[in-house]
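Numbering (the numbering used here), first residue to last: 46 to 470.
Below is one structure, written out as structure tokens; comments come after it.
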């Protein structure tokens with residue numbers, strides 16, 4: 046009997062440890078005990094509740110147990126490709142909190158020399174932040190790309206890029222493109238040259254107020270979006286940049302209606318923006334007098350195959366869902382009606398383009414779109430709009446309703462700014 050009891054205790058201990066009773070490895074659960082997690086950055090916004098990263102159960106679209114204390118007013122987030130590290134910008138202090146998704150805790154805090162609206166984490170060890178107001182002495186214009194060590198959180202370099210507004214990285218983190226939307230050049234940053242004595246940046250002219258880029262799948266070409274007249278330039282366009290040459294070589298621009306954000310799916314590039322003229326809402330029944338445009342570009346032939354009407358504003362969020370719905374978000378758009386007091390048309394900054402039937406839907410919601418998150422395992426899209434966290438059913442393009450969520454909204458106190466999937470996407 047004693048030997049049997051001892052054997053049972055040993056087996057039980059093994060089952061509760063690192064080896065499962067089925068004989069395979071038993072992965073350790075994070076503190077929240079969830080296996081399908083989504084982080085939403087929540088700021089207090091006048092309430093007495095401190096800001097945090099709210100942890101959401103992505104299986105049921107419900108609030109999980111616990112949260113991550115990340116600054117006093119967490120907003121913009123960037124997540125590393127393998128989903129192990131999240132950079133969180135604290136809008137109240139201009140700091141970046143580095144969060145481990147394994148421990149669900151802050152591993153370090155980095156002070157920036159100013160505010161940001163753009164950052165990337167191409168590697169779990171390195172991140173890059175655009176800080177347009179970063180000061181320099183000796184008559185050097187303000188603005189920088191700040192390189193951040195994410196392993197031992199600290200600033201590794203402050204690289205001068207006047208009025209740097211946006212950063213985009215290739216998949217390997219060996220090249221970062223910086224955009225200043227008052228310039229007609231693209232700044233190419235080579236992080237591997239830091240501390241080498243060689244120039245870390247090269248300015249490539251020949252553009253028209255470039256503001257963003259999308260890399261090709263092989264990393265050889267960056268499709269640069271020229272904002273043109275929306276940013277004080279001449280002509281909006283998509284312009285290829287061959288990044289395999291030294292210095293990188295601009296190609297021939299392809300004119301589009303407007304261009305501030307893009308998404309590449311295979312050889313199809315979706316480009317959104319709002320032209321300052323020729324921006325009527327033709328074909329839509331709406332009280333809005335100004336509308337944006339979605340241009341579809343075939344990168345194989347570098348031709349525009351279609352242009353559609355979408356909501357207006359400055360478009361800076363775009364994401365493609367598992368079912369082929371392209372979610373396009375903007376800021377400072379024309380808001381119509383009130384989602385909380387529906388008496389007629391309700392319209393905000395979100396457009397949904399169905400890539401399967403080439404139709405556009407404008408959901409009945411208000412406010413800036415500040416975060417989008419699709420998934421590879423579920424037909425839903427998380428949307429941070431107007432400070433709320435909406436969940437859309439991408440099969441119907443309507444707010445999700447089931448036994449766990451009845452209004453399509455995950456109720457969270459405070460203002461939701463951004464959203465990132467941690468365990469699946």
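Idealized CB from N, CA, C, for every residue including glycine.
Keep in mind the model is a prediction, meaning the values are calculated, not measured.
Within this structure, are the beta carbons of residue i and residue j separated by less than 7 Å?
i: residue 165; j: residue 198; result: no
i: residue 221; j: residue 257; result: no
i: residue 100; j: residue 81; result: no
i: residue 212; j: residue 175; result: yes
i: residue 146; j: residue 129; result: yes
i: residue 463; j: residue 122; result: yes
i: residue 357; j: residue 417; result: no
i: residue 124; j: residue 103; result: no
i: residue 297; j: residue 314; result: no
i: residue 193; j: residue 203; result: no
i: residue 350; j: residue 337; result: no
i: residue 332; j: residue 390; result: yes
i: residue 275; j: residue 253; result: no
i: residue 327; j: residue 340; result: no
i: residue 381; j: residue 355; result: no
i: residue 97; j: residue 114; result: yes
i: residue 370; j: residue 403; result: no
i: residue 215; j: residue 251; result: no
Tell me which residue opens and which closes the beta strand (DSSP E) that residue i is part of.
i: residue 350; result: 348-355
i: residue 248; result: 246-249
i: residue 203; result: 199-205
i: residue 167; result: 163-168
i: residue 109; result: 107-113
i: residue 423; result: First-last for residue 423: undefined, no H or E at that position.
i: residue 411; result: Run containing residue 411: none; DSSP gives neither H nor E here.
i: residue 136; result: Here residue 136 belongs to no beta strand (DSSP E), and DSSP marks it neither H nor E.
i: residue 157; result: From DSSP, residue 157 is part of no beta strand (DSSP E); its letter is neither H nor E.
i: residue 73; result: No beta strand (DSSP E) contains residue 73, which DSSP labels as neither H nor E.
i: residue 468; result: Segment: none, residue 468 is in no beta strand (DSSP E) and carries neither H nor E.
i: residue 392; result: It is not in any beta strand (DSSP E) - residue 392 carries neither H nor E in the DSSP assignment.
Per DSSP, what kind of secondary structure is residue i in: helix, strand or coil?
i: residue 255; result: strand
i: residue 448; result: coil
i: residue 87; result: strand
i: residue 274; result: helix
i: residue 236; result: helix
i: residue 220; result: coil
i: residue 128; result: coil
i: residue 280; result: coil
i: residue 210; result: coil
i: residue 385; result: coil
i: residue 147; result: coil
i: residue 267; result: strand
i: residue 367; result: coil
i: residue 181; result: coil
i: residue 314; result: strand
i: residue 195; result: coil
i: residue 229; result: coil
i: residue 434; result: strand
i: residue 361; result: strand
i: residue 307; result: strand
i: residue 399; result: strand
To which residues of the same chain is residue i closer than 8 Å at the C-beta, ignoring the five residues directly before and after it?
i: residue 261; result: 267, 268, 309 and 344
i: residue 52; result: With a pLDDT of 44 at residue 52, under the threshold of 50, the predicted position of this residue should be treated as unreliable, and no value is reported.
i: residue 68; result: Below a pLDDT of 50, predicted positions are generally treated as unreliable, and residue 68, at 49, falls in that range; no measurement from the model is reported.
i: residue 412; result: 380, 393, 394, 430, 431, 432 and 433
Below 6 Å CB to CB, which residues in the same chain sit around residue i once its five sequence neighbours on both sides are set aside?
i: residue 244; result: none
i: residue 180; result: 187
i: residue 110; result: 77
i: residue 294; result: 287
i: residue 107; result: 449
i: residue 347; result: 299
Would you mind sorting residue i into buried or exposed? The rule is 16 or more other CB atoms within 10 Å of its CB.
i: residue 448; result: exposed
i: residue 407; result: buried
i: residue 323; result: exposed
i: residue 127; result: exposed
i: residue 401; result: exposed
i: residue 282; result: buried
i: residue 79; result: buried
i: residue 120; result: buried
i: residue 177; result: buried
i: residue 456; result: exposed
i: residue 415; result: buried
i: residue 208; result: buried
i: residue 410; result: buried
i: residue 377; result: exposed
If I measure Cβ to Cβ from residue i and keep anything under 7 Å in the same chain, skipping five residues before and after, which residues do I get?
i: residue 425; result: 436, 437, 438, 439 and 445
i: residue 224; result: 210, 211, 231, 255, 256 and 257
i: residue 466; result: 83, 103, 418 and 420
i: residue 206; result: 188, 189, 190, 223, 225, 232 and 246
Hey, would you say the C-beta of residue i is under 6 Å away from at least one heavy atom of the ligand GTP?
i: residue 421; result: In the structure shown, the ligand GTP is absent, as is every other ligand, since no ligand is present at all.
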